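K.L.:
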């Protein structure tokens, strides 16, 4: 059943400022749907993708540096890790500089299998990190008795795997959970996005269902 706060757009057109700042918009149920909220969800997914790519790239660069320090003879390994990490970091940078994707066109919310909350993403990240630590322990088990250096190397790899898991799972979850706040900030800071949304708010006809344009 559609939430009571949802009124068909054809009879309830308001300005963007109304949907962002009015008391009526602020009092709308958190779980009610709207085009702006679906856009915010899609925007959160986009930010989560950037966070995952950047974090994974930094993890690979860190792994490259650690491999260079601990096994300088493995040139192909640390060089491959470095190149892959740089590619991911540059990709995240290019995505950040690109024009905002089509989340402001009023379509349905982005479908994603990524974590939708910080808690679920963090739980999954810790689980995957724990699994990776067990595998690392199996690999390093014979070397841990060699002294402090081997133990520190093992700990450093564990931290890198934790960083990678947090980037892939917890980062997108955090961005998705706080997508509305991030989207509001983007609207306030980006005049092009604001103009597009202001125009869309006044001509809104839902192409998907009976959603209002707002609130956010």
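In the numbering used here, the protein residues as written are 278 to 493.
Even for Gly, the Cβ is constructed at its ideal location relative to N, Cα and C.
No experiment lies behind these values; they were computed from the predicted model shown.
Would you identify the three-state DSSP class for residue 319, choosing helix, strand or coil?
P.N.:
helix
K.L.:
Counting Cβ pairs, one atom from each stretch, are 3 or more of them under 8 Å apart for the region 427–443 and the region 401–416?
P.N.:
yes
K.L.:
With a floor of 4 residues, list each alpha helix (DSSP H) that falls wholly inside the region 310–369, ordered by position along the chain.
P.N.:
312–347
K.L.:
Roughly how many whole angstroms lie between the Cα atoms of residue 312 and residue 361?
P.N.:
37 Å
K.L.:
If we ignore side chains and look at the alpha-carbon of each, how far apart do residue 452 and residue 459 end up?
P.N.:
8 Å
K.L.:
Quick check on the DSSP output: the alpha helix (DSSP H) that includes residue 473 runs from which residue to which?
P.N.:
468–479
K.L.:
Evaluate residue 316 with the Cβ neighbour count: other Cβ atoms within 10 Å of its Cβ, from every protein chain shown; 16 or more gives buried, anything less gives exposed.
P.N.:
In the assembly as shown, residue 316 is a buried residue. Its beta-carbon has 16 or more other beta-carbons within 10 Å.
K.L.:
How is the alpha helix (DSSP H) around residue 445 delimited, first residue to last?
P.N.:
Taken as a continuous stretch (DSSP letters only), residue 445 belongs to no alpha helix (DSSP H), as it is neither H nor E.
K.L.:
Would you call the region 465–476 and the region 325–333 in contact, with 3 or more CB pairs under 8 Å?
P.N.:
no
K.L.:
Considering only C-alpha positions, which residue in the set 402, 401, 400, 431 is nearest to residue 415?
P.N.:
Closest by C-alpha distance to residue 415, out of 402, 401, 400, 431, is 431.
K.L.:
If I measure Cβ to Cβ from residue 325 and keep anything under 7 Å in the same chain, skipping five residues before and after, which residues do I get?
P.N.:
391, 448, 449, 452, 453, listed in sequence order.
K.L.:
Once DSSP output is grouped into helix, strand and coil, what is the label at residue 298?
P.N.:
Correct three-state label for residue 298: helix.
K.L.:
Determine the extent of the alpha helix (DSSP H) in which residue 290 is found, giving its start and end residues.
P.N.:
Premise fails: residue 290 is in no alpha helix (DSSP H) and is neither H nor E.
K.L.:
If residue 344 sits next to residue 358, beta carbons under 8 Å apart, how far is it from one beta carbon to the other, in whole angstroms?
P.N.:
6 Å
K.L.:
Can you give, in chain order, each stretch of the alpha helix (DSSP H) that sits fully within the region 405–429 and has at least 4 residues?
P.N.:
The region 405–429 contains no whole alpha helix (DSSP H) run of 4 or more residues.
K.L.:
Use the C-beta contact count for residue 398: other C-beta atoms within 10 angstroms, 16 or more gives buried, fewer gives exposed.
P.N.:
buried
K.L.:
Could you tell me whether the region 473–482 touches the region 287–305, using the rule of 3 or more Cβ pairs below 8 Å?
P.N.:
yes
K.L.:
Give me the Cα-Cα distance between residue 301 and residue 490, rounded to the nearest whole angstrom.
P.N.:
Inter-residue distance for residue 301 and residue 490 is about 14 Å (C-alpha atoms, whole angstroms).
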